[in-house]
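> Protein chains in written order, with this note's numbering: chain Z, 263 to 921; chain C, 997 to 1081.
We treat Cβ as the ideally placed atom computed from N, Cα and C, and that holds for glycine.
Here it is: the structure, laid out below.
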Amino acid sequence: TTRTPEFLGLGKSTTLFPASDSMGEVIVGILDTGVWPELKSFDDSGLGPVPSRWKGDCQVGKNFSASSCNRKLIGAKFFSKGYEVAFGPIDETMESRSPRDDDGHGTHTATTAAGSVVPSANLLGYASGTARGMASHARVAVYKVCWLGGCFGSDIVAAMDAAVADGVDVLSMSIGGGLSEYYSDTVAIGAFTAAANGIFVSCSAGNSGPIPSSLSNVAPWITTVGAGTLDRDFPASITLGNNELHSGVTLYNGKQLSDSMVPLVYGGNVSNSSGGALCMAGSLIPEKVARKIVVCDRGGSARVQKGVVVKDAGGIGMILTNTDTFGEELVADAHLLPSAAVGQKTGDAIKKYISSTRNPTAKIGPGTTKLEVQPSPVVAAFSSRGPNPVTPAILKPDIIAPGVNILAGWTGAVGPTGLQSDPRHVNFNIISGTSMSCPHVSGLAAIVKAAHPEWSPAAIKSALMTTAYTAYKTGQKIEDVATGGPATPFDYGAGHADPVAALDPGLVYDATIDDYLGFLCALNYTPNQIKSTTHRDFTCQTSKKYTLGDFNYPSFSVPLETASGRRGGADSSSIIKYTRTLTNVGAPATYKVSLYSQTQAVKMSVEPETLSFKAQYEKKSYTVTFKTSSMPSGTTSFARLEWSDGKHIVGSPIAFSWT
Amino acid sequence: EEKIQKAKRTYIVHVDKSNMPETFTDHALWYDSSLKSVSDSASVLYRYENVVHGYSTMLTTEEAEALGEQPGILSVLPEVIYELH
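And the structure:
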């Protein structure tokens, strides 16, 4: 990617970073749509021999040979049995029955996580710079499990099975499916054993935001990654016939509109169907659209598809406006005609101008790349939100990372819009989603793993979470673009990833397999359900009281029952105690606790208030006491617990929710 | 209703490896035999050894329910289709 390494501070030279040969010992496995091996992002010059422990290989297919792999791309396999029993044999005129990526998504995520350094990367001149993956010296192994018809669970499990046997250290999965209890969630089940085998598993949180409780992949042994923006944008000016000047974003780089004003229409007014406002296929009347700029609402169909609909109807430009779902979030697309995406406020102003003017006109200027955009990061509107829909007592998402307008490697099979009608071929593309933020964290985890090979996946996850930041340098809280106001831990979890800090977190919450098993006991799972989830025999001790609050997680979620609605959680005017354990991964030090809270309804205290560590890997426990009072159902509030030795801050968000 | 009952779909069968019935010496034979006892046409799609113990196969709803009753079978989960985020 370009810009995100600098944005994340990876450009800084610090002794904390692992040397490239230890980076070369780390293997990132990507389950996705495959890979385009010819890209320079998979160049292996400068990489030493493949780690001797590696057991994976290069699965040959019609258009994928053994030489497609190298010391960078050290493994490539495809899994299609589940897909083919459902859809019939793969039509190789339509898609490659091989690890080759016909879509682009898999190449994008793989190169984001661990692509080699490629100078002068750009998309049609936008986002120029030196592209590199987060862990640019790590190795990549690709497992193709997603096909034109979808990503089938039986193929995904087979790929996870292979990745563990092959010896990956990180498993990156930018996919999501239905929500269910862990014992019937195939990805959660596979991820448990992967994590138990020392593999860090990161998954995308989902793009169903800003709706609350819209998360995917919420198992506590998975790192669930939401999306934030970068300090980069692609502004394009929009001038209306009344001389109003507005700004949108675009990645269009073709022939620009002339400098003269062009007639402007709203899709909803030039259509013979209800789909006109959304510029759905076939909804626009060519006679009313020809040679005009059309305003289309976002939603209902792919954004790039709307551009095709306008172009096919004879339109010469498009202004794509957000509706209230996405507010002011601007996602840029490489449209096939002059276009600009605008926020809801601008969209409403343009529609008002159209409805109040006899012959409305407009013109769209060329796009540019703008850096140092502030405030950034902001939580992307589409990023799925908490509370955790499966286990409200576990705060999710865990963390956010860059996921909006991310440039990374692309397939040679389709153009940047992915549309069949797009003849362009690019090496890099700019796309958005939690699919993009997940491999960022996968790559960052690979860096931490290279620096601390002995750390467990839980310790790596803890390091990324307790060092994440929740405020800008100004002290202002990270914003949520969906509301325009400060975001909350239900939006960003522990905050935005800060890899440099994660390399030296001071203390970690190092959940063990027994902690995870105790978590399942706290959920009152039967031995059979525990066995289904973990493929281990484990019987919860009847003498032991297992609670979700005592599960050794790096963040806190405290579900409270209002007096009327008492159900599973603690009743709301009560005393609740959570005990957690910290492991020292730094030098001997004494840490003091600080508590910050947004609410008076919960009084908090911590025992002991200081933790003195004399040796590395020494463990110390503490107990947080919450004295809560009743609040109306649906109330949420947040607090923060920090341990600091003056050099490290080990921060945990606390989310209270009254139901 | 009849059609739905007859329609086959892919299931992921989680087995309790440590409880393989004594009559079998090999998991593959156990899997094949357990399948044959509920369906004369089903076959193993994938065998899983590492992150999951078990296999995937195509069954009707009825066959899946019958298989789930067998000793050593932990769960028979209908396959979920995931999407890219």
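#1: With a Cβ-Cβ cutoff of 9 Å, do TYR815 (chain Z) and LEU598 (chain Z) count as a contact?
#2: For TRP1026 (chain C), which of helix, strand or coil comes out of DSSP?
#3: Pick helix, strand or coil for ARG620 (chain Z), following the three-state DSSP scheme.
#4: With a 10 Å radius around its C-beta and 16 neighbouring C-beta atoms as the bar for buried, classify ARG829 (chain Z) as buried or exposed.
#5: What three-state label does DSSP hand ILE740 (chain Z) in the structure shown?
#6: Under a Cβ-count criterion, where at least 16 other Cβ atoms within 10 Å of its own Cβ denotes burial, should MET356 (chain Z) be classed as buried or exposed?
#7: For the segment 341-359 of chain Z, which residues have a CB atom closer than 7 Å to at least one CB atom of chain C, in sequence order?
#8: Please name the residue, chosen from Z:TRP905, Z:PRO894, Z:PHE800, that lies closest to ARG842 (chain Z) on a Cα-to-Cα basis.
#9: What are the boundary residues of the beta strand (DSSP E) that ASP777 (chain Z) is part of?
#10: Consider the Cβ of TRP905 (chain Z): report whether some Cβ of chain C lies at a distance smaller than 9 Å.
#11: Skipping 5 residues on each side, what residues in its chain have a beta carbon closer than 7 Å to that of GLY848 (chain Z)?
#12: To the nearest angstrom, how far is it from the Cα of LYS739 (chain Z) to the Cα of LEU492 (chain Z)?
#13: Return the residue from the list Z:PRO748, Z:LYS334, Z:PRO715 that minimises the CA-CA distance to PRO637 (chain Z).
#14: Taking C-alpha atoms, which residue in C:LEU1063, C:ALA1003, C:VAL1047 lies nearest to ASP1028 (chain C)?
#15: Confirm, please, whether the CB-CB distance from LYS554 (chain Z) to ILE578 (chain Z) is below 9 Å.
#16: Give me the residue from Z:ASP283, Z:VAL703, Z:VAL688, Z:LEU293 with the minimum Cα distance to SER416 (chain Z).
#17: Can you tell me which of the three DSSP states ARG401 (chain Z) falls into?
#18: Could you name the residues that DSSP lists as bridge partners for LYS406 (chain Z)?
#19: From VAL290 (chain Z) to ALA457 (chain Z), what does the alpha carbon distance come to, in whole angstroms?
#20: Would you kindly report the start and end of the unbroken alpha helix (DSSP H) that includes HIS370 (chain Z)?
#21: Check this for me: beta carbons of GLU869 (chain Z) and THR887 (chain Z), under 9 Å apart or not?
#22: If I measure Cβ to Cβ from ALA720 (chain Z) and keep anything under 6 Å in the same chain, skipping five residues before and after, which residues do I get?
#23: I believe THR374 (chain Z) touches TRP298 (chain Z) by the beta-carbon criterion, under 8 Å. Please report the beta-carbon distance rounded to the nearest angstrom.
#24: Hey, does HIS1049 (chain C) have any beta-carbon neighbour from chain Z nearer than 9 Å?
#25: Let me know if LYS930 (chain Z) comes out buried or exposed under the rule of 16 or more other beta-carbons within 10 Å of its beta-carbon.
#26: How is the beta strand (DSSP E) around CYS413 (chain Z) delimited, first residue to last?
#27: Which value, in whole angstroms, describes the spacing of the CA atoms of SER464 (chain Z) and GLY296 (chain Z)?
#28: Check this for me: beta carbons of ALA712 (chain Z) and VAL379 (chain Z), under 9 Å apart or not?
#29: Ordered along the chain, which non-local residues of its own chain (more than five positions away) have a Cβ less than 8 Å from that of VAL527 (chain Z)?
#30: Looking at the secondary structure, which residues open and close the alpha helix (DSSP H) in which CYS700 (chain Z) lies?
#31: Thinking TYR1078 (chain C) and ILE437 (chain Z) are a contact (beta carbons under 8 Å), I'd like their distance in whole angstroms, please.
#32: Strictly below 8 Å CB to CB, what residues from chain Z border LEU1041 (chain C)?
#33: Residue range of the alpha helix (DSSP H) that TYR754 (chain Z) falls in?
#34: Compare the Cα-Cα distances from LEU502 (chain Z) to each of Z:THR608, Z:GLY440, Z:THR897, Z:ALA393 and report the closest residue.
#35: Starting from TYR1027 (chain C), find everything on chain Z with Cβ-Cβ shorter than 8 Å and list it in chain order.
#36: Which value, in whole angstroms, describes the spacing of the CA atoms of VAL432 (chain Z) and ASP660 (chain Z)?
From the atom records:
#1: No. Outside cutoff.
#2: Correct three-state label for TRP1026 (chain C): helix.
#3: coil
#4: Annotation note: pLDDT 43 at ARG829 (chain Z) (below 50); position unreliable, coordinate value reported separately. With fewer than 16 Cβ atoms within 10 Å of its Cβ, ARG829 (chain Z) is classed as exposed.
#5: coil
#6: Flag for MET356 (chain Z) reads exposed.
#7: LYS343, GLY344, VAL347, ALA348
#8: Z:TRP905
#9: No beta strand (DSSP E) contains ASP777 (chain Z), which is instead part of the alpha helix (DSSP H) from 775-784.
#10: no
#11: If we look at GLY848 (chain Z) and ignore the five residues flanking it on each side, its Cβ neighbours are ASP766, GLY768, HIS910.
#12: Looking at the backbone, the Cα of LYS739 (chain Z) and that of LEU492 (chain Z) are separated by about 16 Å.
#13: Z:PRO748
#14: Relative to ASP1028 (chain C), the option among C:LEU1063, C:ALA1003, C:VAL1047 whose CA is nearest is C:LEU1063.
#15: Yes.
#16: With respect to the C-alpha of SER416 (chain Z), the residue from Z:ASP283, Z:VAL703, Z:VAL688, Z:LEU293 having the closest C-alpha is Z:LEU293.
#17: strand
#18: Z:ASP294, Z:PHE340
#19: 14 Å
#20: 367-376
#21: Result yes, Cβ atoms of GLU869 (chain Z) and THR887 (chain Z) sit closer than 9 Å.
#22: ASP772, ALA773
#23: 14 Å between Cβ atoms; not a contact.
#24: yes
#25: What is shown of chain Z runs 263 to 921, which leaves residue 930 (chain Z) out entirely.
#26: 412-414
#27: 18 Å
#28: Going by beta carbons, ALA712 (chain Z) and VAL379 (chain Z) fall outside the 9 Å limit.
#29: By the criterion of a C-beta distance shorter than 8 Å, VAL527 (chain Z) is surrounded in its chain by LYS550, VAL551, LYS554, ILE555, VAL556, VAL557, ILE616, PRO622, once the five residues flanking it on both sides are discounted.
#30: Per DSSP, CYS700 (chain Z) belongs to the alpha helix (DSSP H) from 696-713.
#31: 4 Å
#32: LYS343, GLY344, VAL347, SER416
#33: TYR754 (chain Z) -> alpha helix (DSSP H) spans 751-754.
#34: Z:THR608
#35: The premise fails here: TYR1027 (chain C) is roughly 14 Å from chain Z at the closest Cβ pair, so nothing lies under 8 Å.
#36: Spanning the alpha carbons of VAL432 (chain Z) and ASP660 (chain Z) requires a straight line of approximately 17 Å.
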